[in-house]
Amino acid sequence: MILVTGATGHLGTAVLQTLLRKTDAAQLAAFVRDEQKAAELKAQGVSLRLGSYEDSASLEQAMQGIEKVLLISGGGEEDALQQHQQVVDAAKRAGVRCLAYTSRALKDPSTLANQLMVRHFQTEAYIQASGLSYLIFRNILYMDVLPLFTGPQVLETGINLPAGQGKVAYALRSEMGEAIANVLLKPSYASCIYHLTGRTAYSFDDVAAALTAASGKKVAYTPVEKAAFAAGMQKRGVPELAIERTIGFMTDIAHGQEAEVSHDLETLLGRQPTPLQEGVKMLYKL
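The opening position of the sequence shown corresponds to residue 140 in the working numbering, with each subsequent residue numbered one higher.
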């Protein structure tokens, strides 16, 4: 059986949608906090295992009879690394044969501005030291976050971000979920690291050009200074932590952290990932 954690989240849902298309629901389990939110999964025949990353007893109980576990990384909690470690430890105690983890595709973890990302590589190291067979999916920044970065009025205001001329090899979250599911369904338990990225790295000038082509309105990208960007967010009432993390993402983009391109996603999908131009039409409903 395959257990998917974070099963009602965006990525967990994408993974399970593919798994349900390609294998019997009786072979699938979902680790969830809220049974009501997972009612649709239960109706489809997926076994629900209740608990949380903080509750080691519930984790170990959830993993009974499980061969492969997909650990979808937690959010921005301060104790996220400890939570991940508890999942790994529970998997060992339960006799899980293979642990998969959703990490991040970043060029150089040692020079990251966004320190929230460091825990991904600490988790990777902990998994690799555990003795478990592992699958690590280093995911690029989701194309799906572009509307959050550019703002809802982007066709009127243009794109104003402190990302310089940095590029990102964006890929859709749904396609990453599909690729991850395809790997989980393989009969192999061999350890492997995958880099899930698009085929091309795009700058925000490219994003602006794609928006212009899709909307028929001229959209420009204007690089701005971090201080001015932060001041604008503060004026809109954005919490300080959110400002700090957003600037961290932008700084890492400017430094080329998100620009590495791999063909792993294309190989696992068996087709080319959705390019920026098509993704923009869908994400902005153009």
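Glycine residues also receive a C-beta, built at the ideal position from the N, C-alpha and C atoms.
Whole-angstrom distance between residue j and residue i, CA atom to CA atom
{"i": "L425", "j": "M315", "result": "23 Å"}
{"i": "A219", "j": "G190", "result": "16 Å"}
{"i": "L280", "j": "L159", "result": "25 Å"}
{"i": "V419", "j": "G297", "result": "14 Å"}
{"i": "T385", "j": "T289", "result": "12 Å"}
{"i": "M140", "j": "T250", "result": "39 Å"}
{"i": "L285", "j": "R188", "result": "33 Å"}
{"i": "K181", "j": "Y309", "result": "32 Å"}
{"i": "L380", "j": "A366", "result": "15 Å"}
{"i": "S330", "j": "A230", "result": "15 Å"}
{"i": "E417", "j": "F343", "result": "16 Å"}
{"i": "E263", "j": "K374", "result": "38 Å"}
{"i": "A178", "j": "E364", "result": "46 Å"}
{"i": "L311", "j": "R258", "result": "23 Å"}
{"i": "R410", "j": "M282", "result": "17 Å"}
{"i": "A340", "j": "Q222", "result": "32 Å"}
{"i": "D247", "j": "H334", "result": "14 Å"}
{"i": "R338", "j": "V377", "result": "33 Å"}
{"i": "M256", "j": "D163", "result": "35 Å"}
{"i": "G213", "j": "G305", "result": "27 Å"}
Closest residue to residue i among the options (Cα-Cα distance)
{"i": "A320", "options": "R236, K161, Q221 and T147", "result": "K161"}
{"i": "F388", "options": "A369, S401 and L404", "result": "A369"}
{"i": "V143", "options": "K231, Y240, A233 and E179", "result": "Y240"}
{"i": "K357", "options": "Q373, A366 and V346", "result": "V346"}
{"i": "M372", "options": "D163, A352, L287 and K231", "result": "L287"}
{"i": "L422", "options": "S354, E383, V377 and G395", "result": "S354"}
{"i": "A153", "options": "S313, S342 and S330", "result": "S313"}
{"i": "V400", "options": "A146, A348, T336 and P378", "result": "T336"}
{"i": "L300", "options": "S195, E174, R410 and T390", "result": "T390"}
{"i": "D228", "options": "A359, A348 and S269", "result": "S269"}
{"i": "E174", "options": "N253, A146, E193 and Y192", "result": "A146"}
{"i": "E217", "options": "P414, Y192 and V208", "result": "Y192"}
{"i": "I275", "options": "P291, L209 and G305", "result": "L209"}
{"i": "L324", "options": "Q304, G305, L415 and L408", "result": "L408"}
Status (buried if at least 16 other CB within 10 Å, exposed otherwise) for residue i
{"i": "Y328", "result": "exposed"}
{"i": "T157", "result": "buried"}
{"i": "E397", "result": "buried"}
{"i": "R427", "result": "As shown, the chain starts at 140 and ends at 425. That puts residue 427 outside it, with no answer to give."}
{"i": "T361", "result": "exposed"}
{"i": "T461", "result": "Not covered by the structure: residue 461. The range shown for the chain is 140 to 425."}
{"i": "G184", "result": "exposed"}
{"i": "R243", "result": "buried"}
{"i": "G204", "result": "exposed"}
{"i": "V171", "result": "buried"}
{"i": "G151", "result": "buried"}
{"i": "A352", "result": "exposed"}
{"i": "P412", "result": "buried"}
Assumed close pair residue i, residue j - CB separation to whole angstroms, cut-off 8 Å
{"i": "E199", "j": "R236", "result": "Contact flag wrong, Cβ pair sits at about 15 Å."}
{"i": "V293", "j": "L350", "result": "7 Å"}
{"i": "L167", "j": "S197", "result": "With a Cβ gap of about 18 Å, L167 and S197 do not count as contacting."}
{"i": "A428", "j": "M202", "result": "Outside the modelled stretch of the chain, which goes from 140 to 425, sits residue 428, for which no answer is possible."}
{"i": "Q225", "j": "S195", "result": "5 Å"}
{"i": "L238", "j": "I266", "result": "6 Å"}
{"i": "A302", "j": "A393", "result": "5 Å"}
Pick out the complete beta strand (DSSP E) segments inside the region 236–320, 3 residues or longer, and give them in chain order. The region 236–320 contains these whole beta strand (DSSP E) runs: 237–243, 272–278 and 298–300.
In chain order, each alpha helix (DSSP H) run of at least 4 residues that lies wholly inside the region 163–202: Listed in chain order, they are 178–182 and 195–201.
So within the region 352–409, which uninterrupted beta strand (DSSP E) runs reach at least 3 residues, ignoring any that extend past its ends? Counting only runs of 3+ residues, the beta strand (DSSP E) found wholly inside the region 352–409 occupies 360–362, in chain order.
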